[in-house]
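Participant: The numbering of the sequence shown is our numbering, which starts it at 1 and goes up by one. Note that the Cβ used here is the ideal one computed from N, Cα and C, for glycine as well.
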Amino acid sequence: MFTATLPPQSAPKLPKDLFEAIQGLKQDLNAVILAHYYQDPDIQDIADYIGDSLGLSQQAAATEAEVIVFAGVHFMAETAKILNPHKQVLLPDLNAGCSLADSCPPEAFARFKAAHPDHLVVSYINCTAEIKAMSDIICTSSNAVRIVQQIPEDQPIIFAPDRNLGRYVIEQTGRDLLLWEGSCIVHETFSEKKLVQLQMDYPEAEIIAHPECETPVLNHAAYIGSTTALLKYAEQSDRAQFIVVTEPGIIHQMQKRMPHKQFIPAPPTSGTCACNECPHMRLNTLEKLYLAMEHRQPEIILPAETATAALKPIQRMLEMSA
Ligand code: 13P
Ligand code: SF4
């Protein structure tokens, strides 16, 4: 459950130049703006740091700013709060949740864990603080394989909540993981058939994909990785065209860093919907970001006990990724 004060409901008064106003507030609050690649281009452009979930956690752990403005989804801002219990963490829209985190309800997961008491629990960072508190190690899409490889071979492992990332880790490590059957609505929307058709239209393009996608889609990818890894791969590749199979928000950053290359978003199953865009990430806007800083809310607030229990597995992840 999200516990925080709601933003004011009356029609907000906005300054003419939001970029300038946000820069001013950043100085006044001694704030840092951390943003994920799936955010609106305007938010990406004003952020102090843009990154994948691991990079964002590392930045949150290292920042000396007094206020963290987190332009991403709830579990990301929550992770920043767990790492900084005494700092204020603002999320522009408190309803920016995550279908993957929602696919792992704490009560059901507690029963699953209790049924397998000899298993170590490795949880993908895309989960609630309650699930983190029940986990032994957190991982992200950029370190999941490396983390599982560091666990002794005879140790049984539960991997939650993303079955697609779990299957990818099984394939990469040869380990027998017990998977929680959760998934992301955005990454499961990509159509293998349409991807193959698109590849025929762009025969020179390389397919690059996020491991939250389903196996039949991943089987067509020349490279699979976290958002940051996809960006780096495209930078290092000598190809000029890429079909990008993840939320298309990242294309803004790709195009900015590689204006001479072409990035084609992978199509969703339905031809007309924008369902390859994360509806949760897209709830944040530049206006809401300004208002959150102006009013210093909505703020992430967590029960101390949950936050303390959730910190341990996050710290383990940071140590194992150093
Ligand atoms: P990464 O940016 O860590 O690859 O994660 C993608 C994602 O699903 C964020 O919700
Ligand atoms: Fe969650 Fe999927 Fe959106 Fe990422 S893209 S925040 S996993 S719903």
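In whole angstroms, what is the alpha-carbon distance linking Asn84 and Met76?
Facilitator: 12 Å
Participant: Decide if Met317 is buried, meaning its Cβ has at least 16 other Cβ atoms within 10 Å, or exposed.
Facilitator: buried
Participant: In the DSSP assignment, what are the bridge partners of Asp162?
Facilitator: Gly182
Participant: Could you compute how far the alpha carbon of Glu64 sits from the alpha carbon of Thr228?
Facilitator: 23 Å
Participant: At a cut-off of 7 Å, is Ile185 close to the ligand SF4 when judged by its beta-carbon and the heavy atoms of the ligand?
Facilitator: At least one heavy atom of the ligand SF4 falls within 7 Å of the beta-carbon of Ile185.
Participant: Assign Asn95 to one of two classes, buried (16 or more other C-beta atoms within 10 Å of its C-beta) or exposed (fewer than that).
Facilitator: Result: exposed.
Participant: Can you find at least 3 beta carbon pairs, one from the stretch 219 to 238 and one from the stretch 275 to 290, that sit closer than 8 Å?
Facilitator: In short, these stretches do not touch, since the Cβ pair count stays below three.
Participant: Would the stretch 109 to 124 and the stretch 12 to 22 be scored as touching if the rule is three or more Cβ pairs under 8 Å?
Facilitator: no
Participant: What are the start and end residues of the alpha helix (DSSP H) that includes His116?
Facilitator: Careful: His116 lies outside any alpha helix (DSSP H) and carries neither H nor E.
Participant: Note down, one range per segment and in chain order, each alpha helix (DSSP H) of at least 4 residues found wholly within the stretch 75 to 111.
Facilitator: 99 to 102
Participant: Based on DSSP bridge pairs, tell me the residues matched to His220.
Facilitator: His220 is not bridged to any residue.
Participant: With DSSP as the reference, label Ile22 as helix, strand or coil.
Facilitator: helix
Participant: Write down every uninterrupted run of the beta strand (DSSP E) in the stretch 259 to 299 whose length is 3 residues or greater and which is fully enclosed by it, in chain order.
Facilitator: Secondary structure remark: continuous beta strand (DSSP E) runs of at least 3 residues inside the stretch 259 to 299, in chain order: 262 to 265.
Participant: Say the cut is 7 Å; is the CB of Thr189 nearer than that to a heavy atom of the ligand 13P?
Facilitator: no
Participant: Following a CB-centred definition, is Glu247 positioned closer than 7 Å to any heavy atom of the ligand SF4?
Facilitator: yes
Participant: I'd like to confirm the pairing. Which residues does DSSP put opposite Leu56 in its beta bridges?
Facilitator: DSSP, once it has assigned bridges, lists no residue as partnering Leu56.
Participant: Helix, strand or coil: how does DSSP classify Lys16 here?
Facilitator: In this structure, Lys16 counts as coil in the three-state DSSP scheme.
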